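**Q**
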Amino acid sequence: MLIDSYPYLTFNGKAEEALNFYATVLKADILDSSKFKDMPPHPDNPVLSDEVQNMLMNATLQLTNGSYLMFSDNPFEGGQGYKQGNNVSVTLVYETAEETREVFDQLKVNGKIVMPLEETFWSPLYGNVIDQFGIEWQISTFVPGMMDKAE
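Basically the working numbering = 1-based index in the sequence shown + 1004.
What follows is the structure in structure tokens.
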């Protein structure tokens, strides 16, 4: 069962500023916020500059109607890097890994896998794909507590 869906807004170094701006304007609550420096160490991760380490990796804003907006900076270079037009994607959060895999597998047909489905430190199964129509999707399996309010 689909648990939730929400827009994911990506910025070029201004995600934290945008998050705070929209929280004020929309009278919304910042539920969580993490920076790239908060990422657990992994041998496949590139060494990040101090500037990138202090960029927003992920944040959740809860609107007054209960809906969410997600925020992140995209510090990467090249094809996966930030450019106007690829800065909004749709996130779907599923209850089970099987559902996550089923939807991802259908969206990838005639599309492009940006990040294959794999376990991450925030989800037991997460993947990113651009479908055949050019829409970017972030597909994830739910983890209890993943949308809890930040302290």
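Backbone N, C-alpha and C fix where the C-beta goes; we use that ideal spot for every residue, glycine too. In this text, all values refer to a predicted model and were calculated from it rather than measured experimentally.
1. Quick one: what's T1068 bridged to in DSSP?
2. Please work out which residues of its chain come closer than 6 Å, Cβ to Cβ, to I1143, disregarding the five sequence neighbours upstream and downstream, and give them in chain order.
3. Going by beta carbon distance, what residues of the same chain come within less than 7 Å of T1064, once the five residues before and after it are set aside?
4. Using the three-state DSSP reduction, which class does F1125 fall into: helix, strand or coil?
5. Would you tell me roughly how many angstroms separate the C-alpha atoms of F1015 and E1102, rounded to the nearest one?
6. Along the chain, which unbroken stretches of the beta strand (DSSP E) at least 3 residues long are found entirely within the stretch 1012-1072?
7. By the 10 Å Cβ neighbour count, where 16 or more other Cβ atoms means buried, how is M1119 classified, buried or exposed?
8. By the 10 Å Cβ neighbour count, where 16 or more other Cβ atoms means buried, how is T1145 classified, buried or exposed?
9. Just verifying my parser: in three-state terms, what is the DSSP assignment at E1155?
10. Which residue marks the beginning of the alpha helix (DSSP H) containing Q1136, and which one marks its end?
**A** On the basis of the data shown:
1. Your numbering for residue 1068 matches position 64 in the sequence shown. Looking at the DSSP assignment, T1068 forms no beta bridge with any residue, so it has no partner.
2. Sequence index remark: in the sequence shown, residue 1143 carries index 139 (1-based). L1096, T1104, V1107, F1108 and G1131, listed in sequence order.
3. To locate residue 1064, count along the sequence shown from 1; it is residue 60. Cβ neighbours of T1064 beyond the five flanking positions: L1035, D1036, Y1072, M1074 and M1151.
4. The residue labelled residue 1125 in the question sits at position 121 within the sequence shown. Coil at F1125, not helix or strand.
5. In the sequence shown, counting from the first residue as 1, residue 1015 sits at position 11. In the sequence shown, counting from the first residue as 1, residue 1102 sits at position 98. Distance between the alpha carbons of F1015 and E1102: 31 Å.
6. 1033-1039 and 1060-1066
7. Your numbering for residue 1119 matches position 115 in the sequence shown. Flag for M1119 reads exposed.
8. Counting from 1 along the sequence shown, the entry for residue 1145 is found at position 141. The residue in question, T1145, is buried, as its Cβ has 16 or more Cβ neighbours within 10 Å.
9. For the purposes of this step, residue 1155 is identified with residue 151 of the sequence shown, where counting begins at 1. Because the pLDDT of E1155 is 46, which lies under 50, any placement of that residue in the model is unreliable, and the number read from its coordinates should be weighed accordingly. Correct three-state label for E1155: coil.
10. The residue you call residue 1136 lines up with position 132 of the sequence shown. Premise fails: Q1136 is in no alpha helix (DSSP H) and is neither H nor E.
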